[in-house]
Amino acid sequence: MITIDNVSKVYPNGSHAVKNISLHIERGEFVFIIGSSGSGKSTLIKMLMKELDVTSGDIIINGINTTKMSHSQIPYLRRELGIVFQDFRLLPKKTVYENVAFAMRVTEASSRHIARNVPTVLSLVGLQNKSRAYPNELSGGEQQRTALARAIVNNPPILIADEPTGNLDPETAWDIMYLLNEINKRGTTVVVATHASDIVDQMQKRVVMLDHGNLVRDVKRGGYFDED
Amino acid sequence: MRISSIKYYIREGFYGLLKNSLMTIAAITTVAACIFIVTVSYCLISNLHAMLRQIENDIGIVVFLEDDSNSETINKVSKSLNDIPNVTNVTYISPEEALDSLKEEWEADDILNGFNNQNNPLPSSFEVSIDDIKNQSEVLKNIEKIDGIKKVRNAENATDILLKLNKVLTFVGILGIALLAVISIVIITNTIKISVYNRKTEINIMKYVGATDWFIRWPFIVEGVIMGLIGAAVPIIISWPLYNKCVAMAYEHFSILSNIATFLGGYEIFSRLLPICLLAGVILGVAGSVSSLRKYLQV
Numbered sequence: 027m028i029t030i031d032n033v034s035k036v037y038p039n040g041s042h043a044v045k046n047i048s049l050h051i052e053r054g055e056f057v058f059i060i061g062s063s064g065s066g067k068s069t070l071i072k073m074l075m076k077e078l079d080v081t082s083g084d085i086i087i088n089g090i091n092t093t094k095m096s097h098s099q100i101p102y103l104r105r106e107l108g109i110v111f112q113d114f115r116l117l118p119k120k121t122v123y124e125n126v127a128f129a130m131r132v133t134e135a136s137s138r139h140i141a142r143n144v145p146t147v148l149s150l151v152g153l154q155n156k157s158r159a160y161p162n163e164l165s166g167g168e169q170q171r172t173a174l175a176r177a178i179v180n181n182p183p184i185l186i187a188d189e190p191t192g193n194l195d196p197e198t199a200w201d202i203m204y205l206l207n208e209i210n211k212r213g214t215t216v217v218v219a220t221h222a223s224d225i226v227d228q229m230q231k232r233v234v235m236l237d238h239g240n241l242v243r244d245v246k247r248g249g250y251f252d253e254d
Numbered sequence: 005m006r007i008s009s010i011k012y013y014i015r016e017g018f019y020g021l022l023k024n025s026l027m028t029i030a031a032i033t034t035v036a037a038c039i040f041i042v043t044v045s046y047c048l049i050s051n052l053h054a055m056l057r058q059i060e061n062d063i064g065i066v067v068f069l070e071d072d073s074n075s076e077t078i079n080k081v082s083k084s085l086n087d088i089p090n091v092t093n094v095t096y097i098s099p100e101e102a103l104d105s106l107k108e109e110w111e112a113d114d115i116l117n118g119f120n121n122q123n124n125p126l127p128s129s130f131e132v133s134i135d136d137i138k139n140q141s142e143v144l145k146n147i148e149k150i151d152g153i154k155k156v157r158n159a160e161n162a163t164d165i166l167l168k169l170n171k172v173l174t175f176v177g178i179l180g181i182a183l184l185a186v187i188s189i190v191i192i193t194n195t196i197k198i199s200v201y202n203r204k205t206e207i208n209i210m211k212y213v214g215a216t217d218w219f220i221r222w223p224f225i226v227e228g229v230i231m232g233l234i235g236a237a238v239p240i241i242i243s244w245p246l247y248n249k250c251v252a253m254a255y256e257h258f259s260i261l262s263n264i265a266t267f268l269g270g271y272e273i274f275s276r277l278l279p280i281c282l283l284a285g286v287i288l289g290v291a292g293s294v295s296s297l298r299k300y301l302q303v
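These protein sequences, in sequence, are chains A and B.
Note that the first sequence covers residues 27 to 254 in the numbering used here.
Note that the second sequence covers residues 5 to 303 in the numbering used here.
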């Protein structure tokens with residue numbers, strides 16, 4: 027599903043954020059990418075969603091080599107990826123319903139299709155009663171659930187979450203992780219960048235650890251600080 | 005492009021204007037102010053231009069015949085004059101008519117008192133009008149070839165000055181309006197840039213959920229069109245009656261003006277200005293929006 031082949035990233039200021047990383051993620055996998063700040067995990071995530079270009083190497087997503095992609099093709103790549111951010115990134119002037127519907131609107135989905143799918147995903151994340159609320163009327167957890175609903179409403183094969191629980195209290199963080207796990211069970215490949223060690227420890231999923239841009243650990247089922 | 009998407013773009017365009025009302029008002033005011041200034045300058049310049057043309061055309065050519073011209077010569081000359089290209093009108097003035105009009109003009113003076121139809125010193129003459137002052141020298145050359153003419157009077161020097169004045173005015177006018185247009189474009193794009201900057205997170209989010217550049221652009225284009233149309237319509241709506249009022253006042257207070265030249269009618273000016281301004285407004289709005297967006301689409 028995702029193949030990262032010998033990928034490096036050097037920023038214009040010369041800092042070598044990612045060094046020759048190779049990684050393969052199968053369809054339906056749940057992968058944690060962990061590492062301290064500056065380990066390169068954010069850079070890696072940004073390259074996956076084509077916010078940044080790789081300096082060398084290839085990233086192949088769903089059979090398409092994204093490193094050779096033109097600017098005009100990027101939107102179509104992003105529709106294959108549900109993306110969740112630490113800071114939620116909801117449209118502040120749109121309601122919960124409109125925020126989720128918007129992700130369908132950009133794919134030029136029909137109004138009927140939108141009217142059918144949006145309530146379904148909203149109830150999946152438990153926000154069926156908040157559909158008319160604006161983001162600033164929601165708690166952090168509710169905002170992140172809205173973002174999750176938006177990420178999955180187009181039924182993408184891959185979900186990428188960059189520190190999805192970074193702005194949430196521990197209990198709410200678990201709600202989000204539970205939802206991510208549910209989404210994974212429905213067949214979506216889920217990649218989560220995080221440094222929430224307790225969550226990683228408890229969930230016992232595949233863990234990929236980066237340190238100073240190097241891939242230092244990749245275990246099928248593990249915790250945050252497991253030794254090889 | 006789907007119909008539902010088009011509806012979405014238009015609705016989003018209107019929402020964008022309403023939800024960013026402060027920036028909308030700023031942008032519309034800027035467009036309106038710039039177009040207002042251009043409108044006023046255009047009114048001034050086109051009126052001056054028109055007045056100059058009127059004065060130019062009043063300076064006709066007068067052709068004097070030999071003193072003893074009989075009616076046959078008069079007819080022949082009349083025909084020859086009429087045959088010259090660019091001549092629009094030829095009026096015969098008999099010596100009697102010439103004397104009468106001269107007496108009328110010099111009413112207060114008694115210098116002409118001794119003259120009557122028997123000892124009239126004035127010759128027969130023709131007043132020749134031409135279509136455009138530019139063709140004057142050409143016409144003069146042709147007139148000089150006609151037999152039976154004693155003298156041709158024309159205001160070639162005055163014409164030259166007027167022609168030059170008109171050229172300068174046209175140049176200054178075009179330069180002025182072009183300068184104003186450039187200043188307007190700078191101000192307008194800056195205003196729109198701020199408006200787009202305020203929504204950069206919004207644009208950023210759109211990119212992340214897979215919106216194409218055009219999907220993001222269209223609502224902004226709709227906004228630009230609406231802002232441009234309102235920004236152009238408002239100054240026209242204000243300046244049209246204002247112009248009519250000014251012209252009426254000018255006639256009232258400076259009645260001497262009506263002898264020299266007349267102002268252009270409001271309809272004459274604004275029927276020409278309206279489509280240009282609307283088009284300019286739309287182009288300014290759209291170009292401003294699209295060019296300001298470019299930076300934020302490169303994500």
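Don't be surprised by glycine CBs; every beta carbon is placed ideally from N, CA and C.
Item checked: Of the listed residues Ala-187/A, Asn-143/A, Tyr-102/A, Val-234/A, nearest to Ile-59/A (C-alpha basis) -> Val-234/A
Note to self: Helix, strand or coil for Arg-138/A? Go by DSSP, reduced to three states.
What the structure shows: helix
Item checked: Under 9 Å by beta carbon: chain A residues contacting Gly-17/B -> Correct list: empty, because the minimum Cβ distance to chain A is about 14 Å.
Margin query: Short of 7 Å in beta carbon distance, which residues of its chain neighbour Val-226/A, apart from the five on each side in sequence? Order them along the chain.
Written below: Phe-58, Ile-60, Thr-220, Val-233, Gly-249, Tyr-250
Check: Quick one: Cα of Asp-254/A to Cα of Arg-243/A, how far?
Finding: A caution first: Asp-254/A carries a pLDDT of 49, below 50, which makes its placement in the model unreliable, though a value can still be read off. Rounded to whole angstroms, Asp-254/A to Arg-243/A spans 7 Å at the Cα level.
Check: chain A beta carbons: is any one of them nearer than 8 Å to that of Ser-8/B?
Finding: yes
Next item on the list: List the endpoints of the continuous beta strand (DSSP E) containing Tyr-96/B.
Entry: 91-97
Check: Is the shortest distance between the beta-carbon of Ala-127/A and the beta-carbons of chain B less than 8 Å?
Finding: no
Check: At least one CB of chain B closer than 8 Å to the CB of Val-57/A: is that the case?
Finding: no
Next item on the list: Give me the Cβ distance between Leu-48/B and Glu-227/B, rounded to the nearest whole Å; I'm assuming they're in contact under 8 Å.
Entry: Not a contact, Cβ separation roughly 33 Å.
Note to self: Since Glu-70/B and Lys-154/B should fall inside the 8 Å C-beta cutoff, what is the C-beta to C-beta distance between them, to a whole number of angstroms?
What the structure shows: 5 Å
Next item on the list: Compare the C-beta of Phe-175/B against all C-beta atoms of chain A and say whether one is closer than 8 Å.
Entry: no
Next item on the list: For Phe-219/B, go through chain A and note every residue whose CB falls closer than 7 Å to its CB, in chain order.
Entry: Val-132
Checklist line | Of the listed residues Arg-176/A, Arg-171/A, Ile-209/A, nearest to Thr-198/A (C-alpha basis) | finding: Arg-171/A
Note to self: Measuring only the C-alpha atoms, how far is Gly-292/B from Leu-52/B?
What the structure shows: 33 Å
Next item on the list: State the CB to CB distance for the pair Thr-34/B and Ile-192/B, rounded to an integer number of angstroms; the pair is presumed to be in contact (CB under 8 Å).
Entry: 5 Å
Next item on the list: Specify, as a first and last residue, the run of the alpha helix (DSSP H) that Ile-310/B falls within.
Entry: A question about residue 310/B goes unanswered here, because the residues of chain B that appear run from 5 up to 303.
Next item on the list: May I ask you to report which of helix, strand or coil DSSP gives Asp-254/A?
Entry: Note that Asp-254/A scores 49 on pLDDT, short of 50, meaning its location in the model is unreliable and no value can be drawn from it.
Next item on the list: Using 10 angstroms around the beta-carbon of Arg-247/A, count the other beta-carbons present and answer buried if the total reaches 16, otherwise exposed.
Entry: exposed
Next item on the list: Examine chain A for any beta-carbon lying closer than 8 Å to the beta-carbon of Tyr-201/B, and answer yes or no.
Entry: no
Check: Got a sec, what are the start and stop residues for the beta strand (DSSP E) Ala-236/B sits in?
Finding: Taken as a continuous stretch (DSSP letters only), Ala-236/B belongs to no beta strand (DSSP E), being part of the alpha helix (DSSP H) at 217-257.
Notebook entry, point to check: How many Å lie between Tyr-204/A and Val-179/A at the Cα?
Noted result: 17 Å
Notebook entry, point to check: How do the stretch 116-131 of chain B and the stretch 84-101 of chain B stand: do at least 3 beta-carbon pairs fall below 8 Å, yes or no?
Noted result: yes
Item checked: Contacts of Thr-216/B in chain A (Cβ-Cβ under 7 Å) -> Pro-101
Next item on the list: Report yes or no: do three or more beta-carbon pairs, one from the stretch 145-158 of chain A and one from the stretch 30-41 of chain A, lie closer than 8 Å?
Entry: no
Next item on the list: Give every residue of the same chain whose Cβ lies closer than 6 Å to the Cβ of Glu-16/B, excluding the five residues on either side of it in the sequence, and list them in chain order.
Entry: Pro-223
Note to self: Could you tell me the alpha carbon to alpha carbon distance between Lys-197/B and Ala-252/B, rounded to whole angstroms?
What the structure shows: 42 Å
Next item on the list: Kindly list the residues whose CB is nearer than 7 Å to the CB of Ile-14/B, restricted to its own chain and excluding five residues on each side of it in sequence; keep chain order.
Entry: Val-226
Next item on the list: Please determine, among Asn-158/B, Ile-150/B, Gln-122/B, the residue with the shortest C-alpha to C-alpha distance to Asn-139/B.
Entry: Asn-158/B
Notebook entry, point to check: Cβ of Gly-66/A versus every heavy atom of the ligand NAD: is any distance shorter than 7 Å?
Noted result: Ligands displayed in this structure: none; no statement on the ligand NAD is therefore possible.
Note to self: So that I know if they touch, is there some Cβ in chain B lying closer than 8 Å to that of Arg-115/A?
What the structure shows: yes
Next item on the list: Kindly give me the distance between the Cβ atoms of Asp-79/A and Asn-193/A, rounded to whole angstroms, as I take these residues to be in contact under 8 Å.
Entry: Rounded, the Cβ-Cβ distance is 28 Å, inconsistent with contact.
Item checked: Reduced DSSP category for Phe-72/A - H, G, I as helix; E, B as strand; rest coil -> Strictly speaking, residue 72/A in this sequence is Lys, with Phe absent from that position. It is helical.
Note to self: The beta strand (DSSP E) that contains Arg-15/B, what's its start and end?
What the structure shows: Where Arg-15/B is concerned, there is no enclosing beta strand (DSSP E), although the alpha helix (DSSP H) it sits in stretches over 7-23.
Checklist line | Segment limits, beta strand (DSSP E) that includes Lys-246/A | finding: 240-248
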